[in-house]
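J.: Here the sequence shown is numbered in the numbering used here, starting from 30 and rising by one per residue. All residues carry an ideal CB built from backbone N, CA and C; glycine is no exception. The structure is given below, and queries will be raised subsequently.
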Amino acid sequence: MTESTTIKRSSTAVLLGIFAAFALAGTACFVFQATQGLHVANLGNDITWGLYIVGFLLFTGVAAGCLLFASAPFAFSGLEAYRPYARVASFVAVACGCLCAGLFILVDTGNPLRAFSILTSFQIMSPLFWDTVILIAYVALGCAFTVVLVKAAEGKLAESSVRPLAIAVFVAALLVTVTSLAFALQVARPTWNNPGLMLSFFIAAVVAGGSVLVIVYAMLDRSGHLPMSAKVARGFSRAVALFLVAELAFSLTEAFSGLYIAVGEEAAVAAWLTSGPGAPFFWIEIACSVAGIALLLQKSQTLHVAGAALAFASIFLVKYNMLQAQLHNPLIGFAGPAAAPGAPAGAYFPAMIECGVALGIIGIGLLALTLGISKLKLGK
């Protein structure tokens with residue numbers, strides 16, 4: 030065993046230990062939440078969707094974005110240079126994106142056994158049912174695509190035979206827009222009831238998935254597990270930056286169009302978000318987007334990783350702000366306390382128990398991702 034191999038294995042063991050610690054801590058937090066009830070979270074009559082739903086939206090986007098980047102090099106010509114990295118992207122979609130998204134939904138129900146009601150008493154017209162269908166499809170297609178790509182890399186399959194499945198995966202990834210219907214079809218929520226939300230969800234998915242892949246590819250490149258040329262790395266980072274520009278434009282246009290109108294429900298939401306209690310979250314989102322774009326357009330791989338981290342944070346805040354800005358400004362108020370006892374006034378901020386559970390879920394996803402990359406034939 031060479032010295033470099035020993036270092037790689039020890040580094041992997043350290044990462045696995047850290048991620049396992051997060052997973053255990055998060056499991057303990059979830060057990061506490063399950064036994065005490067969801068009142069331990071900073072949720073209430075108005076803020077019914079919090080950090081867990083943000084996590085679901087974010088990681089569903091990661092799954093879809095990774096599948097898009099995995100399938101595009103085989104579905105379209107001119108992208109052949111990106112094919113060696115597709116099997117990693119496909120695996121990240123399942124091990125990190127789908128796994129984390131599914132767990133976020135389970136913990137949001139309060140009792141995971143309630144998830145079975147989706148199968149036993151589903152309503153085919155419900156957008157939430159189709160969210161479930163899409164996520165299951167991502168798992169099935171992602172697993173199948175990863176296996177096929179590994180076989181193609183080993184020479185057991187011709188790359189040309191991958192194209193039909195790649196097209197199916199690409200089309201399925203485009204259907205991440207279905208996730209937006211749970212919001213866009215709510216007439217009583219003016220800022221959600223917007224056809225442009227479907228486009229925003231697609232763009233955000235590309236940025237979320239792409240930013241995760243920029244970081245994963247950089248780590249694999251530096252470890253020698255999957256070398257990536259500087260040209261391919263720059264092309265990948267620039268693609269993420271381009272979509273981040275589009276999402277930034279969407280966020281600014283949506284906010285300032287409400288301010289321009291100056292009256293009505295959308296104006297109230299825009300004012301709350303840009304100069305009210307939600308302003309810190311909104312302007313941090315904008316700052317992360319601008320800085321992320323600038324760093325992703327540089328030549329240094331280190332700066333690409335920093336830019337990807339900021340891009341991922343900006344998409345997290347896009348989802349976070351989308352939820353709380355509208356939920357804090359309902360058309361009709363509800364009877365009873367607006368927030369859980371002891372919850373802070375003003376903008377929603379997750380309780381420590383919510384943060385612990387979320388970190389645990391991310392730890393599980395990273396644990397599965399690290400184990401898979403170290404054990405499966407996803408590298409060179």
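#1: With DSSP collapsed to three states, give me the class of residue 377.
#2: Can you tell me whether residue 351 is buried or exposed? The criterion is at least 16 other CB atoms within 10 Å of its CB, across all chains shown.
#3: Between 50, 107 and 140, which lies nearest to residue 66 when the distance is taken from Cα to Cα?
#4: Please report the Cβ distance between residue 284 and residue 302, rounded to the nearest whole angstrom; I am assuming they are in contact, meaning their Cβ atoms lie under 8 Å.
#5: With distances taken between CB atoms, is the gap from residue 230 to residue 221 smaller than 8 Å?
#6: Beta carbon of residue 117, beta carbon of residue 255: below 8 Å?
#7: With a Cβ-Cβ cutoff of 8 Å, do residue 321 and residue 273 count as a contact?
#8: Which runs of the alpha helix (DSSP H) at least 4 residues long sit entirely within the segment 93-140? Give them in chain order.
#9: Reducing DSSP to helix, strand and coil, say where residue 78 ends up.
#10: Nearest CA to the CA of residue 189: which residue from 207, 214, 259 and 102?
#11: How long is the line joining the alpha carbons of residue 243 and residue 99, rounded to whole angstroms?
#12: Quick check on DSSP: helix, strand or coil for residue 312?
#13: Beta-carbon within less than 8 Å of residue 379's beta-carbon, same chain only, minus the 5 sequence neighbours each way: which residues are those?
#14: Where do the ends of the alpha helix (DSSP H) carrying residue 154 lie?
#15: Quick one: what's got a C-beta closer than 6 Å to residue 170's C-beta in the same chain, skipping five residues either side?
T.: Reading from the atomic positions:
#1: The DSSP-derived three-state label of residue 377 is coil.
#2: By the 10 Å Cβ count, residue 351 comes out buried.
#3: Checked all of 50, 107 and 140; the closest Cα to residue 66 is 140.
#4: That belief holds up - the Cβ atoms of residue 284 and residue 302 are roughly 6 Å apart, short of 8 Å.
#5: Contact annotation: residue 230 and residue 221 have beta-carbon atoms that are not nearer than 8 Å.
#6: A distance below 8 Å separates the beta carbons of residue 117 and residue 255.
#7: For the pair residue 321 and residue 273, the CB atoms are nearer than the 8 Å cut-off.
#8: If we require 4 residues or more, the alpha helix (DSSP H) runs fully inside the segment 93-140 come out as 115-121 and 128-137.
#9: It is coil, neither helix nor strand.
#10: Residue 102 is the option with its Cα nearest to residue 189.
#11: Roughly 13 Å separates the two Cα atoms.
#12: The answer is helix: DSSP assigns residue 312 an H, G or I state.
#13: 70, 71, 79, 80 and 387.
#14: Where residue 154 is concerned, there is no enclosing alpha helix (DSSP H), given that its DSSP letter is neither H nor E.
#15: Only 198 and 201 meet the Cβ criterion.
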